[in-house]
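There are 2 protein chains.
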Amino acid sequence: MTTDPADTVAAPAPAPTPPRRAPAGAAVLREDVTEAIREAVVEELAAVGFSRMSIEGIARRAGVGKTAVYRRWKSKLHLVLDLVGAFAEDGLPVPATGSLYGDVRALLEVMSHVLRHPVASAVIPDLLVEAARNPEIAEAVRGALLDGQHRMAQGIVGDAVARGELPEGIGPEHALDLLIGPLYWRQAVVRDAVTPAHLDTLAHQVVAGLKAGPGPA
Amino acid sequence: MTTDPADTVAAPAPAPTPPRRAPAGAAVLREDVTEAIREAVVEELAAVGFSRMSIEGIARRAGVGKTAVYRRWKSKLHLVLDLVGAFAEDGLPVPATGSLYGDVRALLEVMSHVLRHPVASAVIPDLLVEAARNPEIAEAVRGALLDGQHRMAQGIVGDAVARGELPEGIGPEHALDLLIGPLYWRQAVVRDAVTPAHLDTLAHQVVAGLKAGPGPA
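Quick mapping for you: the protein sequence lines, in order, are chains A and B.
Mind the numbering: the first sequence is residues 0 to 216 in numbering that gives the first Met the number 0, read in order.
Mind the numbering: the second sequence is residues 0 to 216 in numbering that gives the first Met the number 0, read in order.
This is the structure in structure tokens:
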């Protein structure tokens, strides 16, 4: 891999005991360039969509060379997965309102914002198409989209079990199906707007579903 | 529009009082050619996917000329929407088991088969990408995919209200979100297999959610 002076800075002198540092004298990728590329990707996605987006178009919009992009990500798919992963992590704090209904309602609020976000609405359908064609991509999409959501479902259900609001034995996958599925269906598939009243009803129904437990053995 | 003798048959002599008939002497599209094209589309979709599928490839596989395809559908999108619409209608009889749990469980069974079908898994993600880019396509996809499902949700909920199993006031859209959303999420987004035990639990939870009604006013 070659380095490009315009895209790299000299590594800073080592601090006394940094936890992780670049080798002294090594080229370090400039964070401002990385950030400009990320922003360009969001704009490109909104403008042309995933399938017509090119590394060249991203580089042009970011005002950098194509190598600056390839130095960081090996393909546009990897770039977008990285972006979606970061976005999914940022957007999904585990709610802790003190009640199951409150937590579910807060989760639905956050998720409905996430699903309305241009990155999500422009790129998730495309990623699912790629995932349908290629098991390796399917795995990467699962990791980027679902790991954070799993942790969140586990947090909400675990807290409710600890408070005595839910029976034990509900797997996080089951919980996530109920927590996310109906909202995803409405916003990403049917593409209907959701109102606060709709989210209230949905939270009420999801809580009732979760309280029903895993069902007769 | 020109007619092609190999693709048309003379209209039959009018029967005494047919409810709808072709004008005497008009060219009628041959049903066996239409069927061959439909089959070719299913095979093409499985082989190359929606975005790389071409009218030319479909015609070649069906052993017909491109005009035979264009005489029936104006684009590959219209062709696929027609196919999906027919498929969604066929696959979705309204269950009538005599109980809400039975109806919901039967619906989940049918839907999980539909979502595993190659046409559905190959083409729905692509249609949703098209829908995200183009409101006209979004409307057509809604019609093709959702009209039958709405009728079905209305049937199940209406029967349960009549039996006294459900309160009144649950809109079919809300019901559909709960009935389809969690399964769609698992099979089409997460792409995890579902087991009969999983469907049992999900039916149990969906029934509890529906019974909770629209929630506090």
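Every residue gets a Cβ at the ideal spot worked out from N, C-alpha and C, and that includes glycine.
Is it buried or exposed, residue i, if we count other Cβ atoms within 10 angstroms and call 16 or more buried?
i: residue 111(A); result: buried
i: residue 197(A); result: buried
i: residue 202(B); result: buried
i: residue 94(B); result: buried
i: residue 219(B); result: As shown, chain B starts at 0 and ends at 216. That puts residue 219(B) outside it, with no answer to give.
i: residue 62(A); result: exposed
i: residue 195(B); result: exposed
i: residue 121(A); result: buried
i: residue 181(B); result: buried
i: residue 192(B); result: exposed
i: residue 146(A); result: exposed
i: residue 51(B); result: exposed
i: residue 104(A); result: buried
i: residue 85(A); result: exposed
i: residue 211(B); result: buried
i: residue 161(A); result: exposed
For the ligand COA, any of its heavy atoms closer than 7 Å to the Cβ of residue i?
i: residue 83(B); result: With respect to the ligand COA, the structure shown offers nothing to examine, as it has no ligands at all.
With a threshold of 8 Å between beta carbons, is residue i in contact with chain B?
i: residue 17(A); result: Summary for residue 17(A): the model assigns pLDDT 45, below 50, so the residue's position carries little reliability, and this model does not support an answer.
i: residue 112(A); result: no
i: residue 166(A); result: no
i: residue 124(A); result: yes
i: residue 203(A); result: yes
i: residue 184(A); result: yes
i: residue 20(A); result: Its pLDDT being 48, under 50, residue 20(A) is placed unreliably in this model, and the value from its coordinates should be taken loosely. Residue 20(A) does not count as touching chain B.
i: residue 80(A); result: no
i: residue 198(A); result: no
i: residue 214(A); result: yes
i: residue 142(A); result: no
i: residue 31(A); result: no
i: residue 56(A); result: no
i: residue 132(A); result: yes
i: residue 53(A); result: no
i: residue 139(A); result: no
i: residue 106(A); result: no
i: residue 121(A); result: yes
i: residue 48(A); result: yes
Any beta carbon from chain A within less than 8 Å of residue i's own beta carbon?
i: residue 159(B); result: no
i: residue 218(B); result: No statement about residue 218(B) is possible, as the shown extent of chain B runs from 0 to 216 and does not include it.
i: residue 63(B); result: no
i: residue 83(B); result: no
i: residue 171(B); result: no
i: residue 41(B); result: no
i: residue 163(B); result: no
i: residue 179(B); result: yes
i: residue 102(B); result: no
i: residue 60(B); result: no
i: residue 74(B); result: no
i: residue 99(B); result: no
i: residue 211(B); result: yes
i: residue 190(B); result: yes
i: residue 207(B); result: yes
i: residue 128(B); result: yes
i: residue 176(B); result: yes
i: residue 0(B); result: Residue placement at residue 0(B) is poorly supported in this model, since its pLDDT is 45, which falls under 50; the coordinates still yield a value, given next. It does not; no Cβ of chain A falls within 8 Å.
Taking three-plus beta-carbon pairs below 8 Å as touching, is the segment 202-215 of chain B in contact with the segment 127-145 of chain B? no
Segment contact flag, the segment 33-43 of chain B with the segment 57-74 of chain B, C-beta cutoff 8 Å, min 3 pairs: yes
Residue ranges of each beta strand (DSSP E) within the segment 30-117 of chain B, 3 or longer: none
Are the segment 44-63 of chain B and the segment 118-129 of chain B touching by the rule of at least three beta carbon pairs closer than 8 Å? yes
Say whether the segment 151-170 of chain A touches the segment 142-156 of chain B, bearing in mind that this needs 3 or more beta-carbon pairs closer than 8 Å, one atom from each stretch. no
Stretch pair the segment 68-82 of chain A + the segment 95-115 of chain A: three plus CB contacts closer than 8 Å: no
At least three beta-carbon pairs within less than 8 Å, the segment 169-184 of chain A to the segment 175-186 of chain B: yes
Taking the runs of the alpha helix (DSSP H) that are 4 residues or longer, which of them lie wholly in the segment 147-192 of chain A? 171-183
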